[in-house]
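Chains as they are written, first to last, in our numbering: chain A, 120 to 601; chain B, 120 to 601.
Here a beta-carbon is modelled for each residue, glycine too, at the ideal position from N, C-alpha and C.
Since the structure is predicted, the reported quantities are computational estimates derived from the model, not experimental observations.
Shown next, in C-alpha cells, is the structure this report addresses.
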C-alpha cells in the first residue's frame, strides 16, 4: 500500500476520535464580530495550537494581534521539495437568530451523517481536514512528503483585519509554492469542485438622521420625512426593473465572458432549480439575461444585510425614529475595483438622498475579485487528489463569495491559492443550523493526504517552470479565464 | 379666600412633598409593551391606589385584568351636582434607546424646572395633577364640590386592550356628565390649550419571507430577491412625490375644512418653524398644500415605526435574511374609518408585493378619529379653569395623536372628554429624555381644582340642557367642527 493509502486507513480506524476532536473545536464560540467572544477566540487558538503540537508540527506559535491571535505551525523536513501553505480560519459567524437553531450553535451534535454547529463547515471542519491529514501521514509514514506551513487566523469573518500586516511582516517565513484553502463548496457529496473564481466584496453602512430625537408618530406624523421611509425610498432606487444596479458607471469595468466559458458554466454548474432548492426559495430574482449561477458568480450584486431603526420589540410603539441605518454588501467581479465602486456608490447615494436628511456613509471592508489559473501545478495536484479522495475528478466552478486572503497571498507571496472545498450546498454557511457532512470530513482528509503526496510527485521543478512561463499572476489569470 | 384659592395655597405649601410623590410614581418602570415589566405595572397600580386612599377617596379598587390592573376610585358626596370622570394612564412607553437618556429613564431627577423620567409627562405627571387637586380641596374645604370618579388604566400605550370591556361592564358605575383627561400639550407654559380633535390610528405589521433560512450574501447574492430590499421597494410605493399616500381610495372620506376653520388654525396653531424646532428637524416634509400643523392634525399620515431584518450588530455579516418586517402606523381623520383603511391598505400591499415573496399582514390596533364640541358645558368649565390656573384663556387646537378612550367614553358612556393638557411641546413624549415642566404641574393642580369648582357653579341643569338640545354627540361634533 502507498503512503497515502496507509494514511487513509489510519483516519478510518481513528474515526471516533477525529469526530470527537472536531466537536471540541466547534464548541468554542469563536465569533469574531462580537467583542464579548474575545476570550473564546483566544481559547480556541490555544486549543488549535495544542492540537498542532500533538499532531507533530515542529514549530507552533500563537501570535497575538490587536484582535484574535494568529496560529502558525510548520514542519519543513523536505528540502528540494515544494512547500504548501495551508490557510484556514477558526473564527465563525455570529449565531443569530439563535431561536432558529434546532440545537444550540455551540453545543455541536451529530445527527445522522452530519455534525451540526456554528462553524462546523465554515471553516473549522474544512480546515481541520488538513490538520488530520498531516497526523495520518506522520503516524503512518513518519514524515510529510512536502514542506507544510499552516496559517490559521481568527478574523476571517470580519475582514481579516490583522492578517495583511502579519503576512507582509513574515513574507519570507511564509514563502511557499502553493497555498491551499478549504472554505468553499462542492456540488454534491460525490461531485468535487475546485473554485476558480471569487467575487470581490465591498461592505458599507449608510445612516440617515432627520430629527434630533425620536418623535411621537401621532404628534409629528405627516410633517417629518421618516428616516426609515427615506431610507426605503433610497434603497428602492438602487435596482431597476431588470434587476440591474442603477449606480452610474457600475458595470463599466465588468468583463464579459466568452461564449465558451458560459457554455462550460452551463454544463458544469448548478441549474436554476438546484440553486433555488439550496436557498429554500420558490422563485429566482436578479439581472435579466443571466442564469442564477451566472448572477451569483460572474455578475456583480448588491445586498442589504440589515436595516436598523425604530421600534422592533413586541407590540406597538408610535415613534418616528431619529435615525435609520442600513448595511450594504456588494459582490464584485473582474475588473471592478472595490475602491472605484465605493466612490461611485457614495456619489450616487448622495445624489438620491432627500434634502431633508443628514447622511453618513462608512466603508467597512473592501476586497478585490480573484481568479486562479487552471494550469498551475498546484491546481493539477488538487485535481489528482480529489480523484483519489472522492473517486471523481473535480469540475471548475465559480463562487459568488469573497476570500480576501486569496488576494493577499497573490499580492504579497506571489502564489495562487487552490480552493479545495469540502462543504455541501445545504451546509447553511452563515445561517442557523450550519452543519458539516462527516463523510466529506473523511474524504477531505484523504484528499488532503493525496494532495501533499501529489505535490511531492510533481516536484519543485514544475512550479519553477510554471512561474517562469506564466504572465504576472493576477493579470495572467484574468486574461486567461475571463 | 375662595375654596379654590385655599386649595392652591395648600398645594404651594406642600410643593416639595408633591414633587417627591410624583418622583415615586415615575420611578415605577411601568412599560406596558414589555412583558417583563408586568410586576412593575402591578406595583405601580398598588402605589397609585394607596395614594388615592391617602388623598381621601372613599372607594378605591385595584381591578385585575388579563393585562395590567385598572385602578378605580370615587368620592360621591355631592348629590344634585355634576359628576366628573377623571381618566389617566399609569403605563408608559418603552424607554429605548436607553443610551440616549442623559439620566436613567426610571430614576427620575429634577434638573432646573423640569422632572426628567419616562412617563413624567405621559401620563403620570399630568394625571397626578387631578389626584393632587382632590387632595388640596379635601384638606382645605373638607369635601369635593362635585362628584368625582377616577379611572386609571395601565395599557394605554398598547391600545387599552382591557379597558373597553371594563367600561362596558361598569357603564352604570362609571356614568358621569363629563370626562377629563390630561394627556395633551400646551403651546407654551403660559399658553394653555384645549385639544378639540384627535386623529384615529391604525397600526399594522407586514412581514415578507423569501427563502426558508438566512442565506450567505456572497453565495446567493444576485439571484434572490432580498426581503429587506423588497420591503424597501414596497415602502417606496406608499407615498408619491407630493407626500400623498398612493393607496387607492385612501382620501375618499377625508372631510375638507372650511376656510374659517383653516384661518383659525393658522392664527391659533403653531407655525411651521415652531413645529420644526420642537422636532429638532431642519426641514419639513409631507402633503403639498398644507401647513405642517395641518399635516399633523386635519390630514392623515402613515409612518414607519420600525423595520426589522438581517444583521444589526457590530461589524459585518454577509447575510440575505430569510425575513423582513415593518411596523406601520396610520393617523386618520374624520370621516376615515380605520377598518375601511385597513382593507384598502391590505389590498394595495398585496398588489405591490413582488411575486417572489410570501406576505403576512397583521393589524395591531385601530381607533376612530375624535372631535369635541366647544359649546359643551364641561368645555366651558375647562376654559374658565385654565384662565385661573394659568392666567390665560386656552386656545382650541387639534392634535395629531390618538386617544382611543375618548372614543370609548363617547360610544359607551355618551359623554365627551375635555382634553385638558399640561404637557409642553418639548417634553419629548415617547422619546429619550422625556420630562415634565414642574410649574405646569402646580398650575395644572390649580386648573383641576378650579375645573371642579366651575363644574359645581355651572350646575347639573346646563349639562341636561346641552344634552337635550344637541345632536347625537359624535355626528353633531363632526357636523359642527369639521
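Alpha carbon to alpha carbon, how far is residue i from residue j?
i	j	result
residue 200 of chain A	residue 290 of chain A	19 Å
residue 213 of chain A	residue 138 of chain B	47 Å
residue 343 of chain A	residue 364 of chain A	29 Å
residue 458 of chain A	residue 360 of chain B	33 Å
residue 258 of chain A	residue 443 of chain A	57 Å
residue 235 of chain B	residue 560 of chain B	13 Å
residue 544 of chain B	residue 397 of chain B	6 Å
residue 474 of chain A	residue 357 of chain B	19 Å
residue 328 of chain B	residue 171 of chain A	44 Å
residue 420 of chain B	residue 439 of chain A	12 Å
residue 299 of chain A	residue 371 of chain A	33 Å
residue 412 of chain A	residue 346 of chain A	35 Å
residue 217 of chain A	residue 223 of chain A	8 Å
residue 352 of chain B	residue 564 of chain B	50 Å
residue 464 of chain B	residue 568 of chain B	45 Å
residue 252 of chain A	residue 574 of chain A	14 Å
residue 602 of chain B	residue 434 of chain A	For chain B, the structure presents residues 120 to 601; residue 602 of chain B sits outside this window and is missing.
residue 393 of chain A	residue 498 of chain A	27 Å
residue 332 of chain B	residue 185 of chain B	35 Å
residue 179 of chain A	residue 207 of chain A	15 Å
residue 239 of chain B	residue 405 of chain B	30 Å
residue 562 of chain A	residue 142 of chain A	18 Å
residue 552 of chain A	residue 243 of chain A	15 Å
residue 409 of chain A	residue 341 of chain B	10 Å
residue 598 of chain B	residue 315 of chain B	Summary for residue 598 of chain B: the model assigns pLDDT 22, below 50, so the residue's position carries little reliability, and this model does not support an answer.
Whose CA, out of the options, lies closest to the CA of residue i?
i	options	result
residue 425 of chain A	B/359, B/335, B/475	B/335
residue 448 of chain A	A/423, A/431, A/137	A/423
residue 267 of chain A	A/296, A/281, A/581	A/296
residue 375 of chain A	A/406, A/354, A/418, A/388	A/418
residue 237 of chain B	B/219, B/252, B/231	B/219
residue 99 of chain A	A/320, A/356, A/227, A/441	Beyond the ends of chain A as shown, which are 120 and 601, falls residue 99 of chain A; an answer cannot be given.
residue 602 of chain A	A/353, A/362, A/153	It is not possible to answer for residue 602 of chain A, since the shown part of chain A is limited to 120 through 601.
residue 452 of chain A	A/215, A/557, A/416	A/416
residue 283 of chain A	A/163, A/206, A/528, A/141	A/528
residue 302 of chain B	B/525, B/508, B/435, B/181	B/525
residue 269 of chain A	A/263, A/293, A/279	A/293
residue 182 of chain A	A/537, A/441, A/273	A/273
residue 533 of chain B	B/558, B/445, B/495	B/495
residue 502 of chain B	B/209, B/313, B/428	B/313
Using a Cβ-Cβ distance under 8 Å, would residue i count as near chain A?
i	result
residue 336 of chain B	yes
residue 556 of chain B	no
residue 281 of chain B	no
residue 467 of chain B	no
residue 217 of chain B	no
residue 446 of chain B	yes
residue 329 of chain B	yes
residue 422 of chain B	yes
residue 166 of chain B	no
residue 601 of chain B	At residue 601 of chain B the pLDDT is 18, less than 50, meaning the model places this residue with poor confidence and gives no usable figure here.
residue 208 of chain B	no
Any idea which residues DSSP pairs residue i with across the strands?
i	result
residue 233 of chain A	A/230, A/556
residue 314 of chain B	B/516, B/538
residue 203 of chain A	A/267, A/297
residue 402 of chain B	Answer is none; residue 402 of chain B lacks a bridge partner.
Any Cβ of chain B within less than 8 Å of the Cβ of residue i?
i	result
residue 483 of chain A	yes
residue 382 of chain A	no
residue 221 of chain A	no
residue 436 of chain A	yes
residue 587 of chain A	no
Fully enclosed by the region 409-497 of chain A, which beta strand (DSSP E) runs are 3 residues long or longer?
-> 420-427, 442-451, 477-486
Fully enclosed by the region 332-365 of chain B, which alpha helix (DSSP H) runs are 4 residues long or longer?
-> 346-354
Hey, which unbroken runs of the alpha helix (DSSP H) at 4 residues or more fall wholly within the region 495-574 of chain A?
-> 496-509, 523-527
Any chance you could list the beta strand (DSSP E) runs of at least 3 consecutive residues sitting entirely within the region 128-199 of chain A, in chain order?
-> 178-182, 189-194
Quick one: which unbroken beta strand (DSSP E) runs of 3-plus residues sit fully inside the region 247-312 of chain A? Chain order, please.
-> 266-272, 297-300
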